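Chemist: Please see the structure below; I have some questions.
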Amino acid sequence: QRSQARENDSLQTVKTTHVMRWGVKSDTRLFGLISPKTGQSEGFDVDISRAITAQIAKQTGTKIKPEFTPVTTSSKIQLLKNHQVDAVAASMTITPERAKVVNFSKPYFPAGQSLLVKRGSPVKNIRDLNRPDATIIGVMGTTALETTKQFAPKAKVIAMPDNSQAFSALQSGQGDAMTTDNAILYGFSSQSPNVEVVGGTFTNQPYGLAVDKGQTQLQREVDQALVTIRQNGTYERLIKKWFGNIPGLDWRELLK
Amino acid sequence: MKIFTDNWQTILTGFGYTIGASILGLIGSLVLGTVFALMEMTPQPVVRGSGKALVEFFRNIPLLVITLFFYVVVSHVLKINGFWAGTIALALYTSAFIAECIRGGLTSVDPGQMEGARAMGLNYTQAMMQVVLPQGFKLALPSLGNQFINLIKNSSILSFVAGLDLMYQANVISGTNLDPFNTYIVIGIFYLLLTGPLSVVMTKLENKLGGIN
Amino acid sequence: MILSAFSATNLHYLLGGLGITIGVSVISIIISFIFGTLFGVVLYEEVPYFSRTLQLLVNTIRNLPLLLLIFFTYFALPKLGVELNAFAATVVAMSVFESTMISQIIRGGLLSVGKGQSEGALSTGMTKWEALWYILLPQGLKNSIPPLISQFISLVKDTSLATAIVLTEMTFRSQVIYGQNPNYMIPMFALITALYFIVNYSLSLLSKWFERRLAL
Amino acid sequence: MIKFTDVQKYYGSFHALHDINLEIKDGETVVLIGPSGSGKSTLLRTINGLETVEAGQLLVDGEDVASSKTNLNKLRTNVGMVFQHFNLYNNKTILENIMLAPKIVLKRGDQENREVAERLLKRVGLADQINKYPSQLSGGQQQRIAIARSLAMNPLAILFDEPTSALDPEMVGSVLEVMKEIAANSAYTTLVVTHEMDFAKAVSDRVIFMADGRILEDAPTDKFFDHPETERARKFLSQVEHH
Amino acid sequence: MIKFTDVQKYYGSFHALHDINLEIKDGETVVLIGPSGSGKSTLLRTINGLETVEAGQLLVDGEDVASSKTNLNKLRTNVGMVFQHFNLYNNKTILENIMLAPKIVLKRGDQENREVAERLLKRVGLADQINKYPSQLSGGQQQRIAIARSLAMNPLAILFDEPTSALDPEMVGSVLEVMKEIAANSAYTTLVVTHEMDFAKAVSDRVIFMADGRILEDAPTDKFFDHPETERARKFLSQVEHH
Ligand SMILES: Nc1ncnc2c1ncn2[C@@H]1O[C@H](COP(=O)(O)OP(=O)(O)OP(=O)(O)O)[C@@H](O)[C@H]1O
Ligand SMILES: Nc1ncnc2c1ncn2[C@@H]1O[C@H](COP(=O)(O)OP(=O)(O)OP(=O)(O)O)[C@@H](O)[C@H]1O
Ligand SMILES: [Mg+2]
Ligand SMILES: [Mg+2]
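Below, the structure is given as structure tokens:
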């Protein structure tokens, strides 16, 4: 019934249905991870989505409630294109490739690619992996796969369907390192003492919130909301809430 | 179709892995399934009980659970990648069904065949291997064929564990071209290329054997 | 340490997943049984043109992986304006797939009744459809019970495939739980294996019970 | 009652009935005999439309069986059939077997229907088996129920296709008893395929002898058994009598 | 050759063989008769260990069949058995049927094995059927192959369990021919369960009559048929002769 109410303009749909549907991750610690307690995703992405929705509600003067659909890295764009969600907050890197099919907001999180290895591994940075007998584990559909091939062309790269399986693969020794965005890797290292993030970030790939291609109205509202929550301290509070206690990470870095 | 011309390398790679997993799975499950069936048929109660238990176990839990188990738990101990985890799980899971087919085949072999052989001085194993099993296999052929078709379809489980099979490649492709509709249709055709002819052969075989009875 | 895998929160969450697994299964079983029977009858009766078309459709669908149909329903059908959430998409995909499997079972069951029964009915002046309804279908369904139950067992197991479209059924939820802590992996596998086994083995006992009763 | 004119029947390219010309009058009792595969069952089954005919005309109670306008279901209510393997409904009790078709085809009321059924069951000597299922009865009992089931429709004609040949020898007598009674009753036109020559001699008015899909003889019973005209019939009779 | 002393056999709680005492000497031809269910097959099957005995002693060629120390497979090579339903290996050709056991049990060389097989096939009149499968032969032919298969092991004794009762009447003769030849050959101890009284009279030295799991009579053939001692045997003989 909602699909009838919806028009081509997502913003209009959000306003008339009073619901903004966000695609968020279900398996990504710190960003979107389902909690068995509530059965809902929790994390920075989820909180940002809530804050943005509230802000858009204020901006447009309508009542809007956020609603969350769990997505996987490989399905998030698909669902956006299918109008199964209105926007995506799913630790999604802004790339020119993706920008062809979706509209991105301004960056909302300064991510960059890094490496996660078993504690005590000889691998210290991406160059150590540029040899034919090295295996790097990535996640299907992420940009990290492509960049890894640039930085370590000789290594073998295998792709897992999602982060937790990639992490399992690292744990079980299926590869020498796991690579994806630093923030996600910090999520794993904060949880498992036997792994560590090494070598800093070797790319600059900030995250953006995405709406479907051509939904410039909605995108503008999102961008404006982002500016507002940065100004009113909400953003800082959320960053501190989620990244304040990670060993080896100074959360203030993220605000720069 | 454009999907194919754009991605033919990816698709053919996936097709290769699907065929590989199916053939390895078939061999594995035939061997294991036969062993399970023979275990279920022996007079020795402990062996028979374990055979039954193994078959019931693998029959009643999802293939995905077995696959994930091999992928995330077993791989800690044995170094296996997604393709092997999926293929091993596939072989184990299917072996339970194959055991049922073969047991069905063996029980429909006239008991006089075993007796005839035993009366000639062959021991149980010799009589089973030389006389009963070959006939049981033949009787089980149609249902074995259907299990093989299921096995091919079930090989799509590899996509959960990055097994590089057709289904996995379908997701890679549709994640890039954002055209799931046509991608899945093209991939579907590739699955039908494998299962279709087999199922035609099986229907023929079933009708033929049904006609004799 | 490992016992904490079975904390009240985790168990509550996982059993909720079992609820979804059973919910999807029951709904799909009902729908696919109705359509499967209908299709099975059409295939058996050899309705001109219609049966052949249906047979072609049935053969195509049942020779595809269910996982492909699930992906297709969830990701591709919206292009045709059919928009379903993960639960509905799973139910639709499973119902379509299982209907085709069940139609083959029902057709087999009807064939096993034997020509004499329908000739007996026809010769007393019943129409083809009356003979089907009063005589063939009751016996055909009875003969189909054991294979139907095996099919239902498959169906219950196959609900786990919906993990792929983030349906939070039992297998998915076990992953969420061991995603919190890798030490939970083995306990979670043991638990869901046991739960699936209990559900399915009960079904297969039911089938054996029926078989024994029918043998009398 | 039943009239074949130049009827031809093919199974694919196999010519199963050749130039059948045959008339059976109301109330007549006719026995059809001949070697295995000669087309006896086929001929019988064309009469109530279980098999279609490819050419010629076949009138039953004035209706053209081959015509698409004919309501075959209605015609079949007038022509009962008793099969070699009884074909009782396995999923229904004896009483339900008898009452089903009158109820849904003739729309006969429950009370009358039950009365008719009970009367017929008494007539075939099985009034006490009302609530059993077919599989709980012996072959001979099942066949008598099958006859009662036919009679319950008040048919004009009854066709019997080797009704005793699937029975154990000790069961045959009771079924023949019931059949004799029907044959003697001129309300029914009776057509029987059988290998029981004694029975044929005792009850039939006429004998039809078939071989290879053709009617070779059609003669009064006494005449046929005493002086069969064709060599084929003589050979057949001598073989049958040796068993 | 074969000696039963107070042998008892139970199927669960059912007492199938009572106090069997019986001795069969080398080269003897003994016929075992009795009504259905009397235990004839059971007795025969205990001799080569296809059924176990619960009490008493059963010696075959000096070996105690019931003892766990006895190698039954070896014993069976000395005691051939021919079944009612032939039990030829359906998955093997005629030649393979005959050569299998000698090859894997006796480890007989291929050439000798083949010569023996061909000689035996000639002897049972089926030398030209070497490469057919059992299902391509008639029942009578299959039974003769089954006999040849037994002979190929050079047994001391052969047990026949109603070897002609599953055959069409016209097939019986050829099988009995072969059996007569074996019975006449004093190299073989022959024990035959049969309903063919003429055959029994013609070939056997002795008749054993069983009923209800007991041996009621054990007498020279002529004596048994001319003056059966028990009422039971007289009744049995009169019934059998009527068929
Ligand atoms: N459905 C069919 N399809 C093809 N051929 C058939 C079919 N039914 C019967 N026939 C053939 O038609 C011929 C006549 O068959 P029919 O059953 O009428 O013989 P019958 O005289 O009743 O023999 P019997 O005494 O053995 O019952 C036979 O050669 C038979 O093989
Ligand atoms: N495996 C078995 N389990 C239980 N009872 C059995 C078994 N085999 C035979 N019997 C019973 O033992 C009795 C003797 O059977 P057996 O086959 O030896 O009789 P028989 O004299 O050979 O009869 P027939 O002439 O019918 O072959 C019968 O009452 C039979 O029902
Ligand atoms: Mg006939
Ligand atoms: Mg016997």
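Residue numbers (our numbering), protein chains in the order written: chain A, 4 to 259; chain B, 95 to 307; chain C, -14 to 201; chain D, 483 to 725; chain E, 483 to 725. Note that CB positions come from ideal geometry on N, CA and C, so glycine has one too. Computed from a predicted model, the values in this text were never measured in an experiment.
#1: At 4 residues or longer, and completely inside the segment 184 to 260 of chain B: list those alpha helix (DSSP H) runs for me, N to C.
#2: Could you tell me whether any Cβ in chain B is nearer than 8 Å to the Cβ of E:Met635?
#3: Check whether the Cβ of D:Gly531 sits closer than 7 Å to any heavy atom of ligand 1, and report yes or no.
#4: If we ignore side chains and look at the alpha-carbon of each, how far apart do B:Ala211 and B:Ser189 end up?
#5: In this structure, how does DSSP classify D:Pro702 when only helix, strand and coil are distinguished?
#6: According to DSSP, is A:Phe112 helix, strand or coil?
#7: Rounded to whole angstroms, what is the Cα-Cα separation between E:Ile697 and D:Ala665?
#8: My output table needs one value for E:Tyr493: the three-state DSSP class, helix, strand or coil.
#9: Does the segment 109 to 120 of chain C touch the segment 41 to 52 of chain C, meaning 3 or more C-beta pairs lie closer than 8 Å?
#10: Give a yes or no on whether the minimum CB-CB distance between C:Phe174 and chain B is below 8 Å.
#11: Starting from the N-terminal end, write out each residue whose C-beta falls within a distance shorter than 6 Å of any non-hydrogen atom of ligand 2.
#12: Roughly how many angstroms lie between the CA atoms of D:Glu533 and D:Gly591, to the nearest whole one?
#13: With distances taken between CB atoms, is the gap from B:Ser144 to C:Asn44 smaller than 8 Å?
#14: Of all the CB atoms in chain B, is at least one closer than 8 Å to the CB of C:Met170?
#15: Going by other Cβ atoms of all chains shown within 10 Å of its Cβ, with 16 needed for buried, is C:Glu83 buried or exposed?
#16: Suppose you measure from the CA of E:Val561 to the CA of E:Pro584; what does that come to, to the nearest Å?
#17: Please decide whether A:Gly176 counts as near chain B, where near means a Cβ-Cβ distance under 8 Å.
#18: Flag D:Val722 as yes when its Cβ comes closer than 7 Å to any non-hydrogen atom of ligand 3, and as no otherwise.
#19: In or out: A:Ile67 buried (at least 16 other Cβ within 10 Å) or exposed?
#20: Compute the distance between the beta-carbons of C:Gln136 and C:Ile87, then report whether it is under 8 Å.
#21: Would you say the beta carbon of D:Asp643 is closer than 7 Å to some non-hydrogen atom of ligand 3?
#22: Near E:Asp508, what residues of its chain come up, given a Cβ to Cβ distance below 7 Å and the 5 sequence neighbours on each side ignored?
#23: Could you name the residues of chain B that A:Gly144 contacts, counting a contact when the two beta carbons are closer than 7 Å?
#24: Just checking my contact of A:Val104 with A:Lys28 at CB under 8 Å: how many whole Å lie between their CB atoms?
#25: Given the structure, does D:Val512 come close to ligand 3, in the sense that its CB is under 7 Å from one of the ligand's heavy atoms?
#26: Under 8 Å, do E:Lys551 and E:Thr575 count as touching if we go by C-beta distance?
#27: What residues in its chain sit with their C-beta under 7 Å from that of C:Leu126, if we drop five residues either side in the sequence?
#28: Closer than 9 Å between beta carbons: that is the criterion. Which residues of the segment 68 to 80 of chain A meet it against chain C?
#29: Buried or exposed, going by whether 16 or more other CB atoms sit within 10 Å of the CB of C:Val98?
#30: Work out the CA separation of A:Ile37 and B:Leu132 for me, nearest whole Å.
#31: Below 7 Å on C-beta distance, what does A:Met181 contact in chain B?
#32: Please return the same chain residues whose Cβ sits closer than 7 Å to the Cβ of C:Ala61, not counting the five positions on each side in sequence.
#33: Here's the rule: buried if 16 or more other CB atoms are within 10 angstroms of the residue's CB, otherwise exposed. What is A:Lys79?
#34: Restricting to Cα atoms, I'd like to know which of A:Asp253, A:Asp184, A:Pro196, A:Ser195 is closest to A:Thr146.
#35: Ligand 3 and C:Val81: does the residue's C-beta get closer than 7 Å to at least one heavy atom of that ligand?
Modeler: Based on what the coordinates show:
#1: 205 to 213, 218 to 221, 227 to 248
#2: Translated into the one-based positions of the fifth sequence, residue 635 of chain E becomes position 153. Closer than 8 Å: yes.
#3: Sequence index remark: in the fourth sequence, residue 531 of chain D carries index 49 (1-based). No.
#4: The residue given as residue 211 of chain B occupies position 117 in the second sequence. The residue given as residue 189 of chain B occupies position 95 in the second sequence. When rounded, the distance between both Cα atoms is 28 Å.
#5: Looking up residue 702 of chain D in the fourth sequence gives position 220. Strand.
#6: Taking the first residue of the first sequence as position 1, residue 112 of chain A is located at position 109. Strand at A:Phe112.
#7: For this step, residue 697 of chain E is matched to residue 215 along the fifth sequence. For this step, residue 665 of chain D is matched to residue 183 along the fourth sequence. Computed Cα separation, rounded: 54 Å.
#8: The residue labelled residue 493 of chain E in the question sits at position 11 within the fifth sequence. Residue state, collapsed to three classes: strand.
#9: no
#10: Stepping through the third sequence from its first residue, residue 174 of chain C is reached at position 189. Taking Cβ atoms only, chain B reaches closer than 8 Å to C:Phe174, which makes this a yes.
#11: E:Tyr493, E:Phe496, E:Ala498, E:Gly516, E:Ser518, E:Gly519, E:Ser520, E:Gly521, E:Lys522, E:Ser523, E:Thr524
#12: The residue given as residue 533 of chain D occupies position 51 in the fourth sequence. The residue given as residue 591 of chain D occupies position 109 in the fourth sequence. Taking the straight line joining both Cα atoms gives about 32 Å.
#13: Taking the first residue of the second sequence as 1, we reach residue 144 of chain B at position 50. Taking the first residue of the third sequence as 1, we reach residue 44 of chain C at position 59. No, these two residues do not count as a Cβ contact at 8 Å.
#14: Along the third sequence, one-based indexing puts residue 170 of chain C at 185. Yes, C:Met170 lies at the interface with chain B (some Cβ there is under 8 Å from its Cβ).
#15: Taking the third sequence and counting its residues from 1, one reaches residue 83 of chain C at position 98. By the neighbour-count rule (16 or more Cβ atoms within 10 Å), C:Glu83 is buried.
#16: For the purposes of this step, residue 561 of chain E is taken as the residue at position 79 of the fifth sequence. For the purposes of this step, residue 584 of chain E is taken as the residue at position 102 of the fifth sequence. Whole-angstrom Cα-Cα distance: 13 Å.
#17: Start at 1 with the first residue of the first sequence, and residue 176 of chain A comes out as number 173. Yes, its Cβ sits closer than 8 Å to a Cβ of chain B.
#18: Taking the first residue of the fourth sequence as position 1, residue 722 of chain D is located at position 240. Not under cutoff, so the answer is no.
#19: For this step, residue 67 of chain A is matched to residue 64 along the first sequence. A:Ile67 comes out buried.
#20: Position 151 of the third sequence, counting from 1, holds the residue named residue 136 of chain C. Position 102 of the third sequence, counting from 1, holds the residue named residue 87 of chain C. Result yes, Cβ atoms of C:Gln136 and C:Ile87 sit closer than 8 Å.
#21: In the fourth sequence, the residue the question calls residue 643 of chain D occupies position 161. Yes, ligand 3 has a heavy atom inside 7 Å of this Cβ.
#22: To locate residue 508 of chain E, count along the fifth sequence from 1; it is residue 26. Around E:Asp508: Met483, Thr671.
#23: The sequence position of residue 144 of chain A within the first sequence is 141, counting from 1. Simply Gly269.
#24: The residue labelled residue 104 of chain A in the question sits at position 101 within the first sequence. The residue labelled residue 28 of chain A in the question sits at position 25 within the first sequence. Their Cβ separation, rounded to whole angstroms, is 19 Å, which puts A:Val104 and A:Lys28 out of contact at 8 Å.
#25: On the fourth sequence, residue 512 of chain D is found 30 positions in, with the first residue counted as 1. Answer for D:Val512: no, Cβ out of range of ligand 3.
#26: Reading the fifth sequence from its first residue, position 69 is the one you call residue 551 of chain E. Reading the fifth sequence from its first residue, position 93 is the one you call residue 575 of chain E. Contact flag unset, no.
#27: Within the third sequence, residue 126 of chain C is the residue found at index 141, counting from 1. So the list reads Gly94, once near-sequence residues are dropped.
#28: Thr72, Pro73, Val74, Thr75, Ser78
#29: Here residue 98 of chain C is taken as the residue at index 113 of the third sequence, counted from 1. The residue is buried, with at least 16 neighbouring Cβ atoms inside 10 Å.
#30: Stepping through the second sequence from its first residue, residue 132 of chain B is reached at position 38. Stepping through the first sequence from its first residue, residue 37 of chain A is reached at position 34. About 46 Å.
#31: Taking the first sequence and counting its residues from 1, the one referred to as residue 181 of chain A is at position 178. Near A:Met181 there are no residues of chain B at all, since even the closest Cβ is about 13 Å away, more than 7 Å.
#32: In the third sequence, the residue the question calls residue 61 of chain C occupies position 76. Around C:Ala61: no qualifying Cβ.
#33: Mapped onto the first sequence, residue 79 of chain A falls at position 76. Label assigned to A:Lys79: buried.
#34: Your numbering for residue 146 of chain A matches position 143 in the first sequence. The shortest C-alpha separation from A:Thr146 is found at A:Asp184.
#35: Taking the first residue of the third sequence as 1, we reach residue 81 of chain C at position 96. No, the Cβ of C:Val81 stays beyond 7 Å of every heavy atom of ligand 3.
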